[in-house]
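Let me begin by presenting the structure, written as structure tokens, before commenting on it.
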Amino acid sequence: MTAFDADVLIYAAVHGHPLGARIFALFAGTDVETVGIGSVLLLAEVLTKPMCHDPDSDETAALVSLLSRLDLHPLDETAARLALALAVTHGLRAADAAHLATAVAAGADRFLTNNRRDFPQTITEIAIVYPDDLPAAASAPAQASGETQPPMR
């Protein structure tokens with residue numbers, strides 16, 4: 048199962064984003080309700096800016112739709128202790144460590160992020176995958192499933 052970092056969800060919500068199309072294909076290419084996992088912290092990290100700017104925008108709606116397809120895990124004490132260990136080991140900020148710890152604790156196969164500075168592929172606790180590691184997306188799967196990305200602004 049794939050665990051998602053905040054940045055890639057933002058890319059996926061932007062129609063025409065070159066990396067976002069690859070990520071959006073993970074959501075559009077399946078009938079499975081839950082596509083992956085993430086930390087409950089994604090809610091605040093991903094939605095704060097668009098909801099302050101325009102809570103009724105296409106971007107906000109797209110992000111809410113993407114988040115609704117993830118199994119969001121709370122940051123409990125076990126995950127927080129793991130986040131501390133990962134932060135110390137890999138020099139991560141608290142939020143980044145919490146996202147990574149959630150993925151590791153949940154048993155995800157891979158952590159999808161475009162934050163190459165903080166999440167190098169030398170991290171051994173979980174496979175780190177970047178959007179350009181994913182197959183190029185075709186527009187047909189999104190159209191076939193009836194899902195669309197919001198118009199580009």
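Remember, our numbering sits 47 above the position in the sequence shown when you count from 1.
Think of the CB as a built atom: it goes at the ideal place given N, C-alpha and C, for glycine as much as any other residue.
Beta bridge counterpart(s) of residue 84 as assigned by DSSP: As a first step, residue 84 is located in the sequence shown; it is residue number 37 there, counting from the start. BP columns for residue 84 point to 50, 118.
Candidates 67, 177, 125, 157: closest to residue 164 by CA position: Position 117 of the sequence shown holds residue 164. Comparing Cα-Cα distances from residue 164 to each of 67, 177, 125, 157, the minimum goes to 177.
Where residue 181 falls: helix, strand or coil (DSSP): Position 134 of the sequence shown, counted from the start, is the residue given in the question as residue 181. Three-state DSSP puts residue 181 in coil, outside helix and strand.
Cβ distance (whole Å) where residue 26 is taken to contact residue 48 below 8 Å: Any property of residue 26 remains undetermined from this structure, which presents the chain solely from 48 to 200.
Residues bridged to residue 176 (per DSSP): Here the question's residue 176 lines up with position 129 in the sequence shown. Note: residue 176 is bridge-paired with 159 in the DSSP secondary-structure output.
Contacts around residue 151, its chain only, beta-carbon distance under 7 Å, and the 5 residues preceding and following it disregarded: For this step, residue 151 is matched to residue 104 along the sequence shown. 129, 172, 173.
Same chain, Cβ closer than 8 Å to residue 94, neighbours up to 5 away in sequence not counted: Sequence index remark: in the sequence shown, residue 94 carries index 47 (1-based). The residues 107, 110, 111, 114, in chain order, have a CB closer than 8 Å to that of residue 94 in the same chain once the five nearest residues on each side in sequence are set aside.
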